[in-house]
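Chains as they are written, first to last, in the working numbering: chain B, 35 to 473; chain P, 35 to 473. We put the beta carbon where it would ideally sit given N, CA and C, even for glycine. All values derive from a computational prediction rather than experimental measurement.
2 protein chains.
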Amino acid sequence: MTGVPIKIGFIGFGTVACGALEILVSQETLLKRRLGRTLEITRIADREIKRERGVSVPKKILTTDPTEILKDPSIDIVVELIGGIDAAKTFVLQAIKAGKHVVTANKALLAIHGEEIFEAALRAGVDVGFEASVCGGIPIIRAIKEGLAAERIKSIYGIVNGTCNYILSKMLEEGGSFNDILAEAQALGFAEADPSLDVGGGDSAHKLAILSNLAFGTSVSLKEIYTEGIEKITPIDIRFAHEFGYRIKLLAITKFSGNEIEARVHPTMISEDTLLSKVDGVFNAVYVDGETLGPTLYYGQGAGSLPTGSAVVSDIVEIARNIMSGSSGRVPPASFVAGARKSRRIRPIAEIESLYYLRFTVRDEPGVLSKISGILGSYSISISSMIQQGRKIDGGVPLVMMSHMAKERDLQSALSEINRLNCISGETLLIRVEGEDAS
Amino acid sequence: MTGVPIKIGFIGFGTVACGALEILVSQETLLKRRLGRTLEITRIADREIKRERGVSVPKKILTTDPTEILKDPSIDIVVELIGGIDAAKTFVLQAIKAGKHVVTANKALLAIHGEEIFEAALRAGVDVGFEASVCGGIPIIRAIKEGLAAERIKSIYGIVNGTCNYILSKMLEEGGSFNDILAEAQALGFAEADPSLDVGGGDSAHKLAILSNLAFGTSVSLKEIYTEGIEKITPIDIRFAHEFGYRIKLLAITKFSGNEIEARVHPTMISEDTLLSKVDGVFNAVYVDGETLGPTLYYGQGAGSLPTGSAVVSDIVEIARNIMSGSSGRVPPASFVAGARKSRRIRPIAEIESLYYLRFTVRDEPGVLSKISGILGSYSISISSMIQQGRKIDGGVPLVMMSHMAKERDLQSALSEINRLNCISGETLLIRVEGEDAS
Numbered sequence: 035m036t037g038v039p040i041k042i043g044f045i046g047f048g049t050v051a052c053g054a055l056e057i058l059v060s061q062e063t064l065l066k067r068r069l070g071r072t073l074e075i076t077r078i079a080d081r082e083i084k085r086e087r088g089v090s091v092p093k094k095i096l097t098t099d100p101t102e103i104l105k106d107p108s109i110d111i112v113v114e115l116i117g118g119i120d121a122a123k124t125f126v127l128q129a130i131k132a133g134k135h136v137v138t139a140n141k142a143l144l145a146i147h148g149e150e151i152f153e154a155a156l157r158a159g160v161d162v163g164f165e166a167s168v169c170g171g172i173p174i175i176r177a178i179k180e181g182l183a184a185e186r187i188k189s190i191y192g193i194v195n196g197t198c199n200y201i202l203s204k205m206l207e208e209g210g211s212f213n214d215i216l217a218e219a220q221a222l223g224f225a226e227a228d229p230s231l232d233v234g235g236g237d238s239a240h241k242l243a244i245l246s247n248l249a250f251g252t253s254v255s256l257k258e259i260y261t262e263g264i265e266k267i268t269p270i271d272i273r274f275a276h277e278f279g280y281r282i283k284l285l286a287i288t289k290f291s292g293n294e295i296e297a298r299v300h301p302t303m304i305s306e307d308t309l310l311s312k313v314d315g316v317f318n319a320v321y322v323d324g325e326t327l328g329p330t331l332y333y334g335q336g337a338g339s340l341p342t343g344s345a346v347v348s349d350i351v352e353i354a355r356n357i358m359s360g361s362s363g364r365v366p367p368a369s370f371v372a373g374a375r376k377s378r379r380i381r382p383i384a385e386i387e388s389l390y391y392l393r394f395t396v397r398d399e400p401g402v403l404s405k406i407s408g409i410l411g412s413y414s415i416s417i418s419s420m421i422q423q424g425r426k427i428d429g430g431v432p433l434v435m436m437s438h439m440a441k442e443r444d445l446q447s448a449l450s451e452i453n454r455l456n457c458i459s460g461e462t463l464l465i466r467v468e469g470e471d472a473s
Numbered sequence: 035m036t037g038v039p040i041k042i043g044f045i046g047f048g049t050v051a052c053g054a055l056e057i058l059v060s061q062e063t064l065l066k067r068r069l070g071r072t073l074e075i076t077r078i079a080d081r082e083i084k085r086e087r088g089v090s091v092p093k094k095i096l097t098t099d100p101t102e103i104l105k106d107p108s109i110d111i112v113v114e115l116i117g118g119i120d121a122a123k124t125f126v127l128q129a130i131k132a133g134k135h136v137v138t139a140n141k142a143l144l145a146i147h148g149e150e151i152f153e154a155a156l157r158a159g160v161d162v163g164f165e166a167s168v169c170g171g172i173p174i175i176r177a178i179k180e181g182l183a184a185e186r187i188k189s190i191y192g193i194v195n196g197t198c199n200y201i202l203s204k205m206l207e208e209g210g211s212f213n214d215i216l217a218e219a220q221a222l223g224f225a226e227a228d229p230s231l232d233v234g235g236g237d238s239a240h241k242l243a244i245l246s247n248l249a250f251g252t253s254v255s256l257k258e259i260y261t262e263g264i265e266k267i268t269p270i271d272i273r274f275a276h277e278f279g280y281r282i283k284l285l286a287i288t289k290f291s292g293n294e295i296e297a298r299v300h301p302t303m304i305s306e307d308t309l310l311s312k313v314d315g316v317f318n319a320v321y322v323d324g325e326t327l328g329p330t331l332y333y334g335q336g337a338g339s340l341p342t343g344s345a346v347v348s349d350i351v352e353i354a355r356n357i358m359s360g361s362s363g364r365v366p367p368a369s370f371v372a373g374a375r376k377s378r379r380i381r382p383i384a385e386i387e388s389l390y391y392l393r394f395t396v397r398d399e400p401g402v403l404s405k406i407s408g409i410l411g412s413y414s415i416s417i418s419s420m421i422q423q424g425r426k427i428d429g430g431v432p433l434v435m436m437s438h439m440a441k442e443r444d445l446q447s448a449l450s451e452i453n454r455l456n457c458i459s460g461e462t463l464l465i466r467v468e469g470e471d472a473s
């Protein structure tokens with residue numbers, strides 16, 4: 035094994051950093067056999083460096099001052115794993131400016147400031163690796179940037195948040211309520227103490243912004259991604275979904291159609307016949323539909339110290355290979371070359387078309403169905419199937435309908451009219467359904 | 035878009051070549067946006083160049099003489115798609131010797147002569163792309179070489195032959211016999227007129243040799259891969275499998291254990307709870323278990339003109355990126371650097387341990403069970419569950435057992451003793467079962 039070691043500085047010494055460091059230490063021989071060069075952990079910066087993390091790195095390489103990494107001319111690769119936005123952005127841009135390559139798992143940072151970071155990297159001729167930012171160890175970023183390089187991607191459907199998928203899987207399996215299963219997930223460490231970024235869909239939106247950007251060669255602003263969480267899903271919706279042959283998943287969806295891009299995160303019903311619907315528990319999966327390749331699916335653990343650490347180290351290896359062959363920047367960070375990216379209109383949610391599951395909570399009295407279906411009809415929304423269940427819930431009876439393909443704007447207008455009816459006794463739930471219109 | 039075009043010569047103008055050419059033509063703009071350079075189809079050689087293929091390439095670039103490509107100094111990349119072994123090997127080695135990069139979909143060639151081709155490429159400093167050789171458009175070669183670069187791979191389980199998976203899926207769905215479903219698959223174009231390479235497992239063994247080589251950094255000879263096809267599977271085995279909670283798939287399996295490698299292709303029972311068991315029809319999927327990443331799975335179309343063509347073009351893009359950044363050879367063709375690969379013993383099938391499904395066909399007479407279980411016991415093989423079914427098939431009654439973990443050698447010895455019993459009236463079927471011992 036020839037050549038000087040590739041020197042790596044870590045900013046952040048938390049869970050993912052420990053996973054990556056453990057792999058660098060324990061797989062040193064394997065990594066040398068694949069790379070032909072030693073990867074050296076040169077420096078680790080964190081605000082807190084006294085706590086024992088169980089990773090065997092020499093004490094003397096720890097520092098509380100990240101500038102010791104950013105200003106060390108010998109360091110080739112800076113691994114940013116502190117999370118958050120502002121400080122992370124500063125460190126990443128400083129590293130790039132200093133001519134260092136960057137690896138980050140920071141999806142929020144890339145979703146918000148990705149354009150600026152990618153442009154800075156292009157200018158400086160350095161690489162930015164971010165495989166760990168989407169779906170942990172699943173190599174989905176590489177798949178889109180390289181494996182599917184020949185593909186005009188039509189759509190992506192991702193289960194990209196393990197917490198949500200765990201909760202929805204358990205609700206199906208055990209029949210428990212959202213709140214009970216969330217509490218259980220928190221006790222088991224599958225959900226954060228403040229779960230809002232996960233269950234509210236925000237984390238999925240971050241990942242979708244990155245995937246959509248790479249797939250379509252366009253900037254997708256986080257603000258333009260319609261985002262809805264799983265908090266309103268109840269066990270009866272999961273049961274009704276099953277009766278219609280569907281499962282409910284929180285999906286991050288992006289599509290290219292009519293020169294516009296759809297980008298949205300919301301609970302979605304998908305057919306029980308699809309492989310994606312069978313991805314359960316904390317696992318993630320991303321389904322990509324390409325024009326000539328057709329569907330491919332990538333599945334694995336989307337979070338956790340070691341799976342995410344593995345993605346960080348795979349980026350380090352890739353960047354090291356580029357350093358060794360003098361080819362930094364060989365693949366553009368955003369998958370398309372500078373100047374070839376295009377600005378696309380992000381279609382507002384009101385303009386999408388979809389199939390819809392609608393659950394009304396109605397008073398058990400005559401004429402209800404005719405009033406509701408009358409309003410739906412007046413907005414040209416037709417119903418493909420219906421379930422009315424006698425049992426009262428919260429003083430009302432659930433009335434469930436599946437629509438044919440309809441326009442979201444029409445549907446929302448119809449719903450706001452329906453929700454004003456006296457016969458509606460509880461909140462109406464809408465779940466978008468992905469699939470072919472059966473009509 | 036700057037720079038001279040990357041020039042490509044195709045040797046072979048068959049199904050996959052047409053797929054790749056169609057993508058190069060129809061996606062020209064997209065490819066330029068991703069690559070920043072034009073890909074030029076400079077020459078296409080085939081023995082037969084008069085037949086209309088429906089791909090719009092200028093007539094004047096067609097030739098019957100492959101040396102017009104091999105000797106053209108302007109051609110950067112030679113795409114070998116003629117199939118077969120000897121001529122393909124000659125062309126590939128000549129191309130490499132001439133300093134040209136090579137893309138091939140030829141799994142048989144790589145399974146047999148991969149070492150020689152990879153070494154020649156390393157010496158010449160050129161790239162060999164072979165994503166299309168395993169599972170068509172699924173980017174599994176890249177996943178192993180780059181996405182999982184940090185992973186000590188423990189095992190790979192692949193559904194890598196669409197014909198077999200189609201037949202087994204249909205046998206489950208429709209209850210038909212192997213021969214009937216095979217005939218149906220042939221009529222639909224999902225099986226070759228001579229299906230032996232597919233249904234006999236040979237094609238899967240070719241792909242497994244490639245995957246095992248990349249995953250473990252060792253040469254795996256095709257001769258050492260135990261290979262068994264799906265011809266003996268009957269509808270009752272598929273039904274019994276379901277009763278035990280399993281599905282039967284033709285799996286290509288490779289494992290690293292005790293510094294040895296297992297590499298085998300055979301019908302395998304896997305739990306109905308696994309995602310791999312739910313991969314149906316002509317689709318392929320590869321499940322990779324990594325030490326720190328845990329399981330990942332890659333799913334898609336493993337064959338066909340466009341999906342395989344997409345993989346060919348993704349390799350062309352990758353090689354073009356290396357040409358443009360002067361980094362040809364940045365990733366070693368066999369995933370490990372020269373000198374870091376190791377010779378490993380391939381464990382003979384007699385030495386593996388597994389769970390087993392055994393279907394005996396017995397005379398309906400007293401004492402049969404005690405004779406069979408007595409012999410199994412004498413070889414330390416214990417049974418975890420059993421189904422005896424009254425209905426006669428071919429003059430015998432099926433007696434089905436699932437074993438606890440047992441040694442293949444012991445099992446084969448017991449079976450040859452059992453098969454000599456008078457009470458055995460038909461052929462005994464053994465199917466290996468992947469999973470945890472339930473004991």
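Using a Cβ-Cβ cut-off of 8 Å, state whether residue i counts as contacting chain B.
i	result
P/Phe44	no
P/Val38	no
P/Tyr200	no
P/Pro367	no
P/Leu340	yes
P/Leu64	yes
Taking Cβ positions only, does residue i come closer than 8 Å to chain P?
i	result
B/Glu185	yes
B/Ser246	no
B/Thr101	no
B/Ser253	no
B/Ser90	no
B/Ser359	yes
When the Cα atoms are used, what is the spatial distance from residue i to residue j?
i	j	result
P/Ser473	B/Ser414	The predicted model places P/Ser473 with a pLDDT of 48, which falls under 50 and marks its position as unreliable; any figure quoted below should be read in that light. Near 60 Å, if we compare the C-alpha coordinates of B/Ser414 and P/Ser473.
B/Ile465	B/Glu265	12 Å
P/Gly429	P/Ile386	33 Å
P/Leu73	P/Ser108	13 Å
B/Arg359	B/Arg71	With the sequence shown as reference, residue 359 of chain B is identified as Ser, and Arg is not the correct amino acid for it. Their Cα atoms are separated by approximately 12 Å.
B/Asp323	B/Ser291	13 Å
P/Ile475	P/Gly43	Here chain P covers residues 35 to 473 and nothing more, so residue 475 of chain P does not appear.
B/Met35	P/Ser253	Below a pLDDT of 50, predicted positions are generally treated as unreliable, and B/Met35, at 44, falls in that range; no measurement from the model is reported.
P/Ala345	B/Ala368	21 Å
P/Arg393	P/Ser311	21 Å
B/Ala51	P/Leu256	41 Å
Output, in chain order, the set of chain B residues within a Cβ distance shorter than 9 Å of residue i.
i	result
P/Lys312	Leu309 and Lys312
P/Ile75	Chain B residues near P/Ile75: none, gap ~14 Å exceeds 9 Å.
Who are the neighbours of residue i on chain P, taking C-beta pairs under 8 Å?
i	result
B/Arg87	Residues of chain P passing the Cβ test: none, with the nearest at roughly 16 Å.
Starting from the beta carbon of residue i, find every residue of chain P whose beta carbon is closer than 7 Å, and list them in chain order.
i	result
B/Ile172	Thr330
B/Ile57	Ala184 and Thr326
Show which residues of chain P have a CB atom less than 9 Å away from the CB atom of residue i.
i	result
B/Glu180	Pro173, Arg176, Glu180, Ser348, Val351, Glu352 and Arg355
B/Leu463	Near B/Leu463 there are no residues of chain P at all, since even the closest Cβ is about 29 Å away, more than 9 Å.
B/Gln335	Leu327, Gly328, Pro329 and Thr330
So with CB distances below 7 Å, who are the chain B contacts of residue i?
i	result
P/Phe370	Arg67 and Arg68
(message) By the 9 Å beta-carbon criterion, what residues does the segment 279 to 290 of chain B contribute toward chain P?
(response) From the segment 279 to 290 of chain B, no residue has a Cβ closer than 9 Å to chain P.
(request) Counting only runs of 4+ residues fully inside the segment 137 to 190 of chain B, write out the alpha helix (DSSP H) ranges in chain order. (result) 141 to 158
(request) Using a Cβ-Cβ cut-off of less than 8 Å, list which residues of the segment 152 to 168 of chain B approach chain P; keep chain order. (result) Glu165
(request) May I ask you to list, following chain order, the residues of the segment 111 to 133 of chain P that have a beta carbon less than 8 Å from some beta carbon of chain B? (result) none
(request) Run through the segment 68 to 131 of chain P for me and flag every whole alpha helix (DSSP H) of 4 or more residues, listed as ranges in chain order. (result) 101 to 104 and 120 to 131
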